[in-house]
Amino acid sequence: MLEFRNADISVGRTGILEDINVSFEKGKITSLVGPNGSGKTTLLQSLNGLSCVKGGEILLEGKDYLALPPKERAQSLSFFSQLRGGAPNISVRGLVEHGRFPYMGFSRHLSAEDREAMDRAMEFTGLTAEADRQVSELSGGMQQRAYLAMQLAQDCPYMVMDEPGNYLDLPGQRELERLILCLKEEGKTVIVVIHDLSKALRISDSIVVMDRRKIVGSGTPRELPESGLLQRVFDCRIRPVETEEGIRYLVE
Amino acid sequence: MKKGASENSRIFFLLTALLLILLLFLGLALGSVSVSLREILHALSDPNAQTANDVIIRSVRLPRVLAGLLTGAGLGAAGAILQAVLNNSLASSNTIGVNSGAGFFVMLSMLIFPKNPAAKSFMAFLGALVTVLFILCLAYYAERSRVTIILAGITVSSFLTAAMNLIKTLDDSIVINSLSFSIGSLAGVTMSSIAYPAPGILLAILIASLLGKALNIMNLGDGTAMSLGLNAGFFRIIYVLLASLLAGCVVSYSGLIGFVGLIVPHVCRYFVGHDARVLIPASALLGSVFVLTADLAGRVLFAPYELPVGIILSLSGAPFFLYLLLKKGGRRVNA
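Listed in order, the protein sequences are those of chains W and S.
Here our numbering is used: the first residue of the first sequence is 9, the next is one more, and so on.
Here our numbering is used: the first residue of the second sequence is 332, the next is one more, and so on.
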């Protein structure tokens with residue numbers, strides 16, 4: 009379980025979030041939803057050091073996450089970042105190889121296990137054929153996949169994804185969804201920021217809702233629409249629709 | 332494509348290494364007096380030989396080619412490091428104020444200890460270090476983004492240049508010395524003036540190349556680097572310190588040679604790609620080739636007059652760089 013306890017989080021010297029208490033259950037898919045500027049990214053970036061925790065603590069399976077040595081952190085939790093600088097001048101394979109950095113010794117030599125993880129990650133994201141192309145030459149969606157492949161190669165039990173669906177086309181979105189469900193099957197814990205509410209309701213085990221820099225509630229996809237919280241926060245209507253695959257939610 | 336890239340690197344390293352050997356030989360052989368290969372070998376193999384040519388080779392030309400080699404390697408590698416670590420294709424030891432910091436301190440030492448050349452190289456390194464620490468602190472308090480480091484560097488650099496000019500204005504006695512210093516020249520370099528800087532330069536290049544993987548990862552941005560288990564802030568400081576060590580060492584004996592640190596990494600990137608583990612040694616090699624060529628040209632073209640290497644480098648470097656920018660449409664040249 010990943011747990012924020014009374015966490016005060018700031019970006020630079022500006023305090024953004026105060027007294028955040030939220031936990032993400034192990035082996036489940038938890039979506040983090042909220043309007044733009046509600047603090048989702050700030051909250052998650054406390055995990056990769058871009059925002060800093062000024063008070064309270066973050067516990068990963070009971071251990072103080074921020075006190076872990078950097079490599080151990082990187083072996084237990086991987087982060088897919090929404091905001092990135094320009095595309096790096098590196099091949100797809102090179103980028104995916106970076107995902108194995110937490111496991112490399114000083115010689116930076118790739119083990120057979122590293123290679124296997126890289127190949128698997130590229131296959132999973134459909135990038136095997138593009139392995140030798142430069143990331144900067146790829147389209148936005150393909151770049152997104154390349155970063156996803158890097159995160160997969162990192163092979164951590166906890167995976168945080170900040171809007172992984174950006175730039176992806178419809179088949180890409182579907183594959184991403186399958187991928188996330190697949191990761192859960194493998195026993196991974198997935199924490200994902202999603203803007204598409206009906207998708208969040210479809211794939212999540214649990215949904216955490218943020219609004220105006222606060223956690224305003226959480227619940228399972230069954231409970232939440234009934235509580236009316238999502239409708240209030242997003243000013244929308246949610247209608248359950250019976251389909252062959254079970255209940256789906258129509259968000260308007 | 333990957334195979335092609337590493338093939339390119341191999342050819343690049345082979346050619347520049349051959350060129351470097353040729354330039355070292357020409358640097359020893361050519362000048363106001365031309366010397367044959369046999370005389371060179373004679374002078375180098377027998378430290379007691381005392382003919383005029385032996386003395387010229389051992390105490391004038393050998394220190395000079397070695398200094399050229401080290402200058403180019405140091406500035407080239409420093410440029411490659413800084414451009415990567417600050418993720419800015421305009422970065423070089425000039426831009427972040429290290430050169431002028433070292434220069435200012437050297438000028439101070441000319442003022443305070445006019446008779447002591449050893450003080451000069453120590454003060455240069457100290458100046459580079461103090462300036463870079465000051466800039467890092469500034470950038471840290473202003474939330475240490477990469478842009479702040481460059482802006483702070485440019486500001487501090489122009490302040491220190493003004494301070495150097497002030498010293499020149501106030502004290503006429505160092506004007507003659509300081510002219511060749513602010514242009515950058517290898518004339519008058521002795522073995523003792525490169526004795527301390529040399530190991531510093533070689534060591535810094537070696538360490539920076541070995542740590543290259545970290546530099547590659549930092550290029551993905553601080554957040555991604557941190558989530559991969561790399562402390563980007565810490566490594567940024569290490570790299571900036573290595574670059575200032577390189578620049579400080581070079582400035583201590585050669586003065587303010589411009590342009591090498593800026594251009595060389597761009598040229599190298601075109602041939603060997605962006606991997607810092609390859610790019611740093613490549614920039615060191617090609618930097619040496621640039622400086623030795625320029626120094627040789629300065630000695631030979633207008634013999635018996637001599638042009639300082641700094642002038643040649645800036646005169647030929649600037650148009651060459653503009654040509655590169657235009658030819659590549661600015662795309663591949665951009666880091």
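The beta-carbon is built from N, C-alpha and C at its ideal position, and this holds for glycine as well.
Predicted, not measured: the structure shown is a model, and the values here were computed from it.
Anticipated Cβ contact below 8 angstroms, residue i with residue j, distance rounded
i, j, result
"GLN159/W", "SER84/W", "Not quite, the Cβ-Cβ distance comes to about 13 angstroms (not below 8 angstroms), so this is no contact."
"ASN174/W", "SER144/W", "Not confirmed; about 17 angstroms, so no contact."
"SER585/S", "ALA398/S", "6 angstroms"
"PHE621/S", "VAL595/S", "6 angstroms"
"LYS458/S", "PHE444/S", "Sequence inspection shows Gly at residue 458/S; the Lys mentioned does not correspond to that position. Rounded, the Cβ-Cβ distance is 14 angstroms, inconsistent with contact."
"SER214/W", "THR49/W", "That pair is no contact at about 19 angstroms."
Residue from the options whose Cα sits closest to the Cα of residue i
i, options, result
"THR22/W", "MET9/W, GLY47/W, PRO43/W and ASN29/W", "GLY47/W"
"PHE12/W", "ILE37/W, PRO43/W and LEU55/W", "LEU55/W"
"PHE566/S", "VAL591/S, LEU623/S and ALA415/S", "ALA415/S"
"GLN53/W", "GLY134/W, VAL168/W and LEU209/W", "VAL168/W"
"SER513/S", "THR382/S, VAL582/S and ALA625/S", "VAL582/S"
"SER142/W", "GLU131/W, TYR155/W and LEU232/W", "Per the sequence shown, the amino acid found at residue 142/W is Gln instead of Ser. Residue TYR155/W is the option with its Cα nearest to GLN142/W."
"LEU533/S", "VAL461/S, ALA615/S and ILE371/S", "ALA615/S"
"LEU417/S", "VAL391/S, GLY564/S, THR521/S and ILE594/S", "GLY564/S"
"GLY148/W", "PRO43/W, GLY94/W, PHE32/W and LEU205/W", "GLY94/W"
"VAL249/W", "LEU51/W, ARG240/W and GLU260/W", "GLU260/W"
"LEU232/W", "LEU10/W, LEU258/W, LYS222/W and VAL216/W", "VAL216/W"
"ASN447/S", "SER367/S, SER524/S, ILE548/S and LEU413/S", "SER524/S"
"MET150/W", "THR133/W, CYS164/W, ASP140/W and GLU193/W", "THR133/W"
"ARG630/S", "VAL396/S, ILE538/S, LEU572/S and ILE371/S", "VAL396/S"
Backbone secondary structure at residue i - three-state DSSP
i, result
"MET332/S", "Residue confidence for MET332/S is low, a pLDDT of 39 falling below 50, so the modelled location carries little weight and cannot support an answer."
"PHE87/W", "strand"
"PRO165/W", "coil"
"ARG567/S", "helix"
"SER18/W", "strand"
"VAL186/W", "The identity of residue 186/W in the sequence shown is Arg, whereas the question assumes Val. Correct three-state label for ARG186/W: helix."
"MET9/W", "coil"
"MET218/W", "strand"
"ASN97/W", "coil"
"GLU253/W", "coil"
"MET130/W", "helix"
"ARG247/W", "strand"
"ILE37/W", "strand"
"GLY64/W", "strand"
"LYS79/W", "helix"
"GLN181/W", "helix"
"ASN320/S", "Past the edges of chain S, shown from 332 to 666, lies residue 320/S, and the structure says nothing about it."
"LYS71/W", "strand"
"GLY543/S", "helix"
"GLN239/W", "helix"
Cross-chain neighbours of residue i in chain S, by beta carbon under 7 angstroms
i, result
"LYS207/W", "In chain order: nothing, as chain S lies at least about 24 angstroms away."
"PHE32/W", "Ordered by position in chain S, no residue passes the 7 angstroms Cβ test against PHE32/W, which lies about 16 angstroms from the chain."
"PRO248/W", "By Cβ distance, chain S contributes nothing, its closest Cβ being about 37 angstroms from PRO248/W, past 7 angstroms."
is_contact[residue i, chain W] using C-beta, thresh 9 angstroms
i, result
"GLY560/S", "yes"
"MET522/S", "no"
"LYS658/S", "no"
"ASN339/S", "no"
Chain B contact residues for residue i, given Cβ-Cβ distances below 9 angstroms
i, result
"GLY554/S", "Going by chain labels, chain B is absent from the structure shown, which instead holds the protein chains W and S."
Within chain S, the residues that residue i reaches when beta carbons sit closer than 9 angstroms
i, result
"ILE98/W", "ASN547, ASN550, LEU551, GLY604, HIS605 and ASP606"
Under 9 angstroms by beta carbon: chain W residues contacting residue i
i, result
"MET495/S", "Ordered by position in chain W, no residue passes the 9 angstroms Cβ test against MET495/S, which lies about 35 angstroms from the chain."
"LYS544/S", "HIS106, PHE109, MET112 and ARG116"
Residue-chain proximity (residue i, chain S), Cβ-Cβ < 9 angstroms
i, result
"MET112/W", "yes"
"GLU253/W", "no"
"GLN83/W", "yes"
"HIS106/W", "yes"
"LEU103/W", "yes"
"GLN162/W", "yes"
Contacts that residue i makes with chain S (C-beta to C-beta distance below 8 angstroms)
i, result
"PRO78/W", "MET557, GLY560, LEU561 and ASN562"
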